[in-house]
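For the sequence shown, the UniProt record's numbering assigns the number 1 to the initial residue and increments by one for each residue that follows.
Cβ atoms here follow ideal geometry from the backbone N, Cα and C, with glycine treated the same way.
The structure displayed is predicted, hence computed values, not measured ones.
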Amino acid sequence: MHRGSRSTVVVAVVTTVVLLVLLLWSAGNGTPLVSAPQGSFGDPRAQSPTFDLTGEPATQPPEEQGGDERVTQWSFNLALALWLMALLTTILVVVRWLGRQRLEGLERREAAEEEELVTLLEATSDEVRYQALSEGDPRNGVVACWVALEDAVHRSGLAQDRSETAAELTQRVLGRWDVDPVAIATLSEVYREARFSRHPVSEEQRTVAVDALERIHVDLRRRAQEHEQQQAEGAAEHEKADGGGAR
Numbered sequence: 001m002h003r004g005s006r007s008t009v010v011v012a013v014v015t016t017v018v019l020l021v022l023l024l025w026s027a028g029n030g031t032p033l034v035s036a037p038q039g040s041f042g043d044p045r046a047q048s049p050t051f052d053l054t055g056e057p058a059t060q061p062p063e064e065q066g067g068d069e070r071v072t073q074w075s076f077n078l079a080l081a082l083w084l085m086a087l088l089t090t091i092l093v094v095v096r097w098l099g100r101q102r103l104e105g106l107e108r109r110e111a112a113e114e115e116e117l118v119t120l121l122e123a124t125s126d127e128v129r130y131q132a133l134s135e136g137d138p139r140n141g142v143v144a145c146w147v148a149l150e151d152a153v154h155r156s157g158l159a160q161d162r163s164e165t166a167a168e169l170t171q172r173v174l175g176r177w178d179v180d181p182v183a184i185a186t187l188s189e190v191y192r193e194a195r196f197s198r199h200p201v202s203e204e205q206r207t208v209a210v211d212a213l214e215r216i217h218v219d220l221r222r223r224a225q226e227h228e229q230q231q232a233e234g235a236a237e238h239e240k241a242d243g244g245g246a247r
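And the structure:
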């Protein structure tokens, strides 16, 4: 459970306990914190005083009246306390459910991001760069560098806006991982020239594309290491918080 959920639970518990203590204290002192409902909606004639044989109104002894009032107040306080406990239980259940839903959502998002990062690392691996540099002609090698990234982004399952192309989507995804924008722009520019131009593509251009792909891989690997470190720190903090709560 996250800190926000814990805070909500603590506030609910403290509030309910305080109200229960006040109710019990007020009942013990004879000073009601919340008065029981007064009056009656019954027949007004039922409220009329009765008379004894002498013609004097029959009244209930004061002690009996006070006892009945205390019993009524205790009953009212008990009912209110039970209602507060039910309310607290409901709050705890709802907060726990919301915390679980939020945690599951975070876990799903982290899993999707991790899978996306792994896919991009595979698309920029040493093997991919070696094949682009050594196999086929320079044009095919340059195109292969960028297509590997596009295929990785497509396999990650990230939703693509209708207004953006596959190349724009690839640039957006790489930008999310703090990849060097110069390396992205360089590879994109060389790819467009190799893909859409008719003039020959040189070995130098292929080398530029492979070098840009390598810089992208280095940045992605750095982000993967940072991601692992953040996960380790988060797990340690969660374990520490659970240990403190257990004590």
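Quick check on residue i: buried or exposed, where buried means 16 or more other Cβ atoms within 10 Å of its Cβ?
i           : result
residue 269 : Since the first and last residues shown for the chain are 1 and 247, residue 269 lies out of range.
Thr-90      : exposed
Val-93      : exposed
Leu-213     : buried
Gln-171     : buried
Ala-232     : exposed
Ala-194     : buried
Which same chain residues, not among the five before or five after residue i, have their C-beta less than 6 angstroms away from its C-beta?
i       : result
Met-1   : For Met-1, the predicted structure reports a pLDDT of 49, less than 50, and the residue's modelled location is therefore unreliable. A value from the coordinates is still provided. If we look at Met-1 and ignore the five residues flanking it on each side, its Cβ neighbours are Gly-99.
Gln-160 : Leu-169
Val-128 : Ala-148
Leu-103 : none
Glu-164 : none
Between which two residues does the alpha helix (DSSP H) holding residue i run?
i       : result
Glu-154 : As written in the sequence, residue 154 is His, which differs from the Glu given in the question. First-last of the alpha helix (DSSP H) with His-154: 138-156.
Ser-202 : Run containing Ser-202: none; DSSP gives neither H nor E here.
Glu-164 : First-last for Glu-164: undefined, no H or E at that position.
Asp-178 : Per DSSP, Asp-178 belongs to no alpha helix (DSSP H) and is neither H nor E.
Ser-125 : It is not in any alpha helix (DSSP H) - Ser-125 carries neither H nor E in the DSSP assignment.
Cutting at 7 angstroms between CB atoms, please list the residues of its own chain near residue i, excluding the five before and the five after it.
i       : result
Ala-36  : Here the model assigns Ala-36 a pLDDT of 49, short of 50, so the residue's position is not dependable and the matter cannot be decided.
Asp-151 : Ala-123
Phe-41  : Residue confidence is low: Phe-41 scores 48 on pLDDT, short of 50, so the model does not pin down where it sits. Its coordinate-derived value is still stated next. Excluding residues within five positions, none has a Cβ falling inside 7 angstroms.
Ala-166 : Glu-150
Leu-78  : none
Which residues in the same chain as residue i place their Cβ atom closer than 8 angstroms to its Cβ, once the five residues preceding and following it in sequence are excluded?
i       : result
Val-173 : Glu-116, Leu-120, Val-153, Ser-156, Leu-158
Ile-184 : Gln-171, Leu-174, Gly-175, Ala-212, Ile-216
Gln-229 : none
Under 8 angstroms by Cβ, that's how I've got residue i and residue j pegged, so tell me the actual separation to the nearest angstrom.
i       : j       : result
Ala-132 : Val-210 : 6 angstroms
Asp-178 : Arg-223 : 6 angstroms
Val-201 : Val-142 : 6 angstroms
- Would the region 122-139 and the region 195-214 be scored as touching if the rule is three or more Cβ pairs under 8 angstroms? yes
- Query: Can at least three beta-carbon pairs, one atom from the region 120-130 and one from the region 208-222, be found at a separation below 8 angstroms?
  - Reply: yes
- Message: With three or more C-beta pairs closer than 8 angstroms as the rule, is the region 171-190 touching the region 142-150?
- Response: yes
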